[in-house]
Amino acid sequence: MEWLNKKSLRQSFFLITALFLCLGLLLAGISFAVCIKFRNSTPVSPQFEISLDEEGKITSGTSAVTDPQTSEQNSGIGNLVTILQFTLPVFWVILSLLLADIVFYNLKLKRPLAVLQAGAAKIQRHDLDFQINPCVQDELGQLCRSFEIMRRELHKNNRELWRQMEERKRLNAAFSHDLRNPITVLKGSAKMLQKGLDQESSASPLLKESAALLTEYTGRIETYVELMTSAQKLEEIECRPLPCDPSTLQAELEQSLTILSTGSKKNLKISNTIHTHQVHIDKQFFYDTAENLLNNALRYASATIAIEISYQKDHLSFRITDDGPGYPAALLQKGPTPFLREASSANEHFGMGLYICKLLCEKHNGSLTLENTPHGAKATAIFNYPPSN
378 MEWLNKKSLR QSFFLITALF LCLGLLLAGI SFAVCIKFRN STPVSPQFEI
428 SLDEEGKITS GTSAVTDPQT SEQNSGIGNL VTILQFTLPV FWVILSLLLA
478 DIVFYNLKLK RPLAVLQAGA AKIQRHDLDF QINPCVQDEL GQLCRSFEIM
528 RRELHKNNRE LWRQMEERKR LNAAFSHDLR NPITVLKGSA KMLQKGLDQE
578 SSASPLLKES AALLTEYTGR IETYVELMTS AQKLEEIECR PLPCDPSTLQ
628 AELEQSLTIL STGSKKNLKI SNTIHTHQVH IDKQFFYDTA ENLLNNALRY
678 ASATIAIEIS YQKDHLSFRI TDDGPGYPAA LLQKGPTPFL REASSANEHF
728 GMGLYICKLL CEKHNGSLTL ENTPHGAKAT AIFNYPPSN
């Protein structure tokens, strides 16, 4: 069948169908002829033999009288043969077409489809260290070759992306390390200068203001470097879900969130769904996400913050809403990214809180969804349980 592998799908389908159809028509003709011959050889009624003279007058006659029961059986057999005479050809033609489809699938479709399906499954598992070899030379073979080209490009892009990520990590680490000592010296010098100017009564107000501004912006740079270091450490940390009792998780979280909201003059409401079974979750990931989302809500809420914790069969969700101005359009469009904040905002959090929440949720095979409501902002953090549970 090597010659068939070189044919296109259309040509192969036509050849296989024509071959099996000819075979079906041949069997149909044979069965039709056999039925006719069998029917003619079966007596179905009494037989008479008459002799005529030259004038056409009957001279003698004989009859073969058959048994009535035998005659009825022969009549039934004759009817059955008549039915088979017309149904068997149709049966052979339909059977030949079905066999043609089965043979076409097994010879032309089964192997390449299995290769493509196996390749797609490996790509879905982020495994690109394999090769797709086209086993046929038809359209599916071309599809396999195109699939292999796509796999190579994905593998190349992934390696390049991995290289860029590693390079970025090294650059951030070197940047943070090299800036830490100069910033510490600069911050200390600025504080000493500001302290000396405060003690000097003759110092001009402009000089004091400049020293205070220098101290403030040195602190901002120091905070920026610390956030870069924290983000790098979070990207390297591993998620380790462990069995946890929901009531204990709820009590610890409520205590932590209540302490965080103390003194904010904001009304905090916490509710949760009843769940009696253990959940598998990384408690530190969950607590850090909840605390970061609450801190963000405390900064922007006008008066009320509502928190809802929901225990589902396959995930744990933490939903927080506030009555503040809502998330900016740039944040909703781009999603949480490091060091993203509103241009008009004076806070110094550099957008890291929401980015940390997003990173922790994704490491827990979950997600972070941000949206605006008619009354404010809403954030939903999903923590999926491990597949084994």
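Here the working numbering is used: the first residue of the sequence shown is 378, the next is one more, and so on.
We put the CB at the ideal spot given by N, CA and C, even for glycine.
Every value quoted in this text rests on a predicted model; they were computed, and no experiment measured them.
State yes or no: is the C-beta of residue i nearer than 7 Å to some heavy atom of the ligand SAM?
| i | result |
| --- | --- |
| P751 | The ligand SAM is not among the ligands present in this structure, which contains no ligands whatsoever. |
So, with DSSP's three-state summary, where would you put residue i?
| i | result |
| --- | --- |
| E543 | helix |
| P620 | strand |
| F507 | coil |
| E748 | strand |
| G518 | helix |
| A723 | Unreliable positioning characterises A723 in this predicted model, as indicated by a pLDDT of 46, which lies under 50. The coordinate reading is nonetheless provided below. Three-state DSSP puts A723 in coil, outside helix and strand. |
| T650 | coil |
| G401 | helix |
| I614 | coil |
| V656 | strand |
| V421 | For V421, the pLDDT reaches just 49, beneath the cut-off of 50, and the residue's location in the model is therefore unreliable, although a value from the coordinates is still provided. Note: V421 maps to coil in three-state DSSP. |
Considering residue i, what are the terminal residues of the beta strand (DSSP E) in which it resides?
| i | result |
| --- | --- |
| Y664 | Not the beta strand (DSSP E): Y664 falls in the alpha helix (DSSP H), residues K660 to Y677. |
| I697 | H692 to D699 |
| K755 | G753 to N761 |
Quick check on the DSSP output: the alpha helix (DSSP H) that includes residue i runs from which residue to which?
| i | result |
| --- | --- |
| E685 | Element bounds for E685: not the alpha helix (DSSP H) but the beta strand (DSSP E), T681 to Y688. |
| N742 | Neither: N742 is in no alpha helix (DSSP H) and is coded neither H nor E. |
| K711 | A706 to K711 |
Whole-angstrom Cβ separation of residue i and residue j, contact assumed at under 8 Å?
| i | j | result |
| --- | --- | --- |
| L505 | H532 | 4 Å |
| G406 | L472 | With a Cβ gap of about 15 Å, G406 and L472 do not count as contacting. |
| N761 | H654 | Not really, about 16 Å apart at Cβ, beyond 8 Å. |
| A325 | K643 | The first residue shown for the chain is 378 and the last is 766, placing residue 325 beyond what the model contains. |
| R676 | E685 | Not really, about 20 Å apart at Cβ, beyond 8 Å. |
| F409 | Q462 | 6 Å |
| N672 | G730 | 6 Å |
| L556 | V492 | About 53 Å; that fails the 8 Å criterion. |
| Y688 | T650 | 6 Å |
| P713 | Y732 | 4 Å |
| G496 | I509 | 5 Å |
| S694 | I759 | 5 Å |
| M605 | N549 | 5 Å |
| K568 | T592 | 6 Å |
| T698 | K735 | Actually they do not touch by this definition, with Cβ atoms about 18 Å apart. |
| L574 | L584 | 6 Å |
Going residue by residue through the segment 461 to 492, where are the continuous alpha helix (DSSP H) segments of at least 4 residues, counting only ones entirely within it? Fully enclosed alpha helix (DSSP H) runs of no fewer than 4 residues are not present anywhere in the segment 461 to 492.
Taking contact to mean 3 or more Cβ pairs, one atom from each stretch, closer than 8 Å, check whether the segment 382 to 390 and the segment 499 to 515 are in contact. Yes, since at least three Cβ pairs between the segment 382 to 390 and the segment 499 to 515 fall closer than 8 Å, the two stretches touch.
Inter-stretch contact (C-beta, 8 Å, three-pair minimum) for the segment 584 to 600 and the segment 609 to 621: Touching, no.
Are the segment 619 to 627 and the segment 655 to 667 touching by the rule of at least three beta carbon pairs closer than 8 Å? Yes, the segment 619 to 627 touches the segment 655 to 667.
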